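J.: Oh and the sequence shown: position 48 is 40 in the working numbering, straight run, nothing missing.
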Amino acid sequence: MAAPNGPSDQAAGRVDPADAESVLGLFASICDRAAAILSDNRDWSMSGARETQYAIDVAIDAACLDMLHQAGFAVLSEESGITAPNGDADVATTAVVVVDPLDGSTNASLGLPWCATALCLVIDGIPAVAMVTNLATGVRYSAIRGRGATCDGQAMVASVGPALHDAIIAVNARPPAEFRPAQFRCMGATALDIASVAGGGGFDGSVDFDDDKIGVWDYLAAVMILREAGGVAADALGRDLMTLDHAARRRPVTASSVSLLEELLALVSPSVGD
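1. Going straight from the alpha carbon of T75 to that of H157, what length do you get?
2. Output the residue ranges of the beta strand (DSSP E) runs that lie fully inside the stretch 66 to 140 and measure 3 residues or longer, sorted by chain position.
3. Are the stretch 168 to 177 and the stretch 136 to 144 in contact at 8 Å, needing three or more beta carbon pairs?
4. Spatial neighbours of L210 within its chain, please: C-beta separation below 7 Å, excluding the five flanking residues on both sides.
5. CA-CA distance, A81 and L256?
6. Buried or exposed: L229, going by 16 or more other Cβ atoms within 10 Å of its Cβ?
7. Just the Cα atoms here: how many angstroms apart are C56 and A26?
8. Since A110 and A214 should fall inside the 8 Å C-beta cutoff, what is the C-beta to C-beta distance between them, to a whole number of angstroms?
9. Please identify the residue among I118, F195, I136, G40 whose C-alpha is closest to the C-alpha of V152.
10. Please check the pair T246 and I160, which I expect to be a contact at CB under 8 Å, by giving their CB distance rounded to whole angstroms.
11. How many whole angstroms separate the CB atoms of G197 and L253, which I take to be in contact at a CB cut-off of 8 Å?
12. Spatial neighbours of T44 within its chain, please: C-beta separation below 6 Å, excluding the five flanking residues on both sides.
13. Assuming L60 contacts V89 under a Cβ cut-off of 8 Å, what Cβ separation, rounded to an integer in Å, is found between them?
14. When DSSP labels each residue in this structure, what does D210 get in the three-state scheme?
15. Does DSSP put A26 in a helix, in a strand, or in coil?
16. To the nearest angstrom, how far is it from the Cα of R231 to the Cα of I217?
17. Going by C-alpha to C-alpha distance, which of A225, H238, C107 sits closest to V250?
18. Which of the three DSSP states, helix, strand or coil, is assigned to F182?
19. List the endpoints of the continuous beta strand (DSSP E) containing Q146.
20. What would DSSP say about A12, mapped onto helix, strand or coil?
21. Measuring straight from C-alpha to C-alpha, what distance separates D200 and D237?
22. Does the Cβ-Cβ distance between S72 and D58 come in under 8 Å?
23. For Y133 and A41, I'd like the C-alpha separation in whole angstroms.
24. Could you check the C-alpha separation between W106 and S31 for me, to the nearest Å?
25. On the criterion of 16 or more Cβ atoms from any shown chain inside 10 Å, does S37 qualify as buried, or is it exposed?
26. Taking the CB atoms as reference points, tell me whether A66 and P9 lie closer together than 8 Å.
27. From the DSSP secondary-structure annotation, give me the bridge partner or partners of T142.
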């Protein structure tokens, strides 16, 4: 406990954004808290605030905001938009944590073990620290910019992906008939889909076939983890995946290799003249 006259930032439990290990520790604590709330939850009613938002989404979001704001971070959350410590009206965007409190809410409501909390610290517009934790299994993916990615503490290196016809691809929304990888799965949690591409026996790639409905909170942490593991990612329409606009939507496409990404993009990117 800080001394009565100690620095106010210590008393508030603030975390230095430049201290990546401390940020990861904070993220781990947040994910543990989210997992505990989910485990104890028996209320699968909708929040009533917006379509498809469960009450549990709001509960986990509140826990994330409390811990991140106490640590001194501005937050961009799927559930609550952009907020800052002490309710500051002008949110500084030099250090913002992008968070999806409960990615895969419907999976969680069905008892399916494919749901996650995803967090990504963005400093001066560049992803710096990321974590995606499967709240049902406890599997934890993390990354620090320039220092690689890990799964449960073990270094991950994206494998050299197979050609599309031999690949197993995670999809969001219904793929067209011409999409013919070896196999595909629609798992319902984008953050985990992408994080698994980074290594450890997961998917070879992922594709969003929906019409611009994926927010930055769904993919940013996982994309950083994938890239730190040596994988690749792009938007189907060529837009920058990095954004802090709550209203922005993207169509992320990811792969364990450049050649596989190119095959996937050729299938989903609009043809000239469309």
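All C-beta atoms in this analysis are idealised placements derived from N, C-alpha and C, irrespective of residue type, glycine included.
These figures come from a predicted structure and were not determined experimentally.
T.: Let me lay it out:
1. Each residue's CA atom was taken as its position, placing T75 and H157 some 44 Å apart.
2. Listed in chain order, they are 66 to 69, 73 to 75, 87 to 95, 108 to 115, 118 to 126, 132 to 136.
3. No: the two stretches stay apart, fewer than three of their Cβ pairs being nearer than 8 Å.
4. Before going on, a small fix: residue 210 reads as Asp here, not Leu. In chain order, D92, D95, T182, A183 place their CB closer than 7 Å to the CB of D210, counting only its own chain and leaving out the 5 sequence neighbours on each side.
5. Legend: pLDDT at A81 = 48, less than 50; position of this residue unreliable, value from coordinates given subsequently. About 42 Å.
6. Burial call: exposed.
7. Straight-line Cα distance between these residues: approximately 8 Å.
8. So it is a contact: roughly 6 Å between Cβ atoms.
9. Here the closest residue by C-alpha is F195.
10. Wrong, their Cβ atoms sit about 13 Å apart, outside the cutoff.
11. Rounded to whole angstroms, the Cβ separation of G197 and L253 is 7 Å, and the two are in contact under 8 Å.
12. Excluding the 5 residues flanking it on each side, T44 has no same chain C-beta neighbour closer than 6 Å.
13. Indeed, because the Cβ distance is near 5 Å, the residues count as touching under 8 Å.
14. Residue state, collapsed to three classes: helix.
15. Of the three classes helix, strand and coil, the one that applies to A26 here is helix, per DSSP.
16. Distance between the alpha carbons of R231 and I217 is about 19 Å.
17. Ranking the options by Cα distance to V250, first place goes to A225.
18. Correcting the residue type first, residue 182 is Thr in the shown sequence and not Phe. Reduced to three states, the DSSP call for T182 is helix.
19. Looking at the DSSP string, the run of the beta strand (DSSP E) that includes Q146 is 146 to 148.
20. Secondary structure of A12 (DSSP, three-state): helix.
21. When the Cα atoms are used, D200 and D237 turn out to be separated by approximately 19 Å.
22. Annotated as distal: S72 and D58, with beta-carbon spacing of 8 Å or more.
23. C-alpha of Y133 to C-alpha of A41: approximately 31 Å in a straight line.
24. Whole-angstrom Cα-Cα distance: 14 Å.
25. Burial check for S37: the Cβ neighbour count within 10 Å stays below 16, so the residue is exposed.
26. Not in contact: A66 and P9 (Cβ atoms no closer than 8 Å).
27. Beta-bridge pairing by DSSP links T142 to S134, A147.
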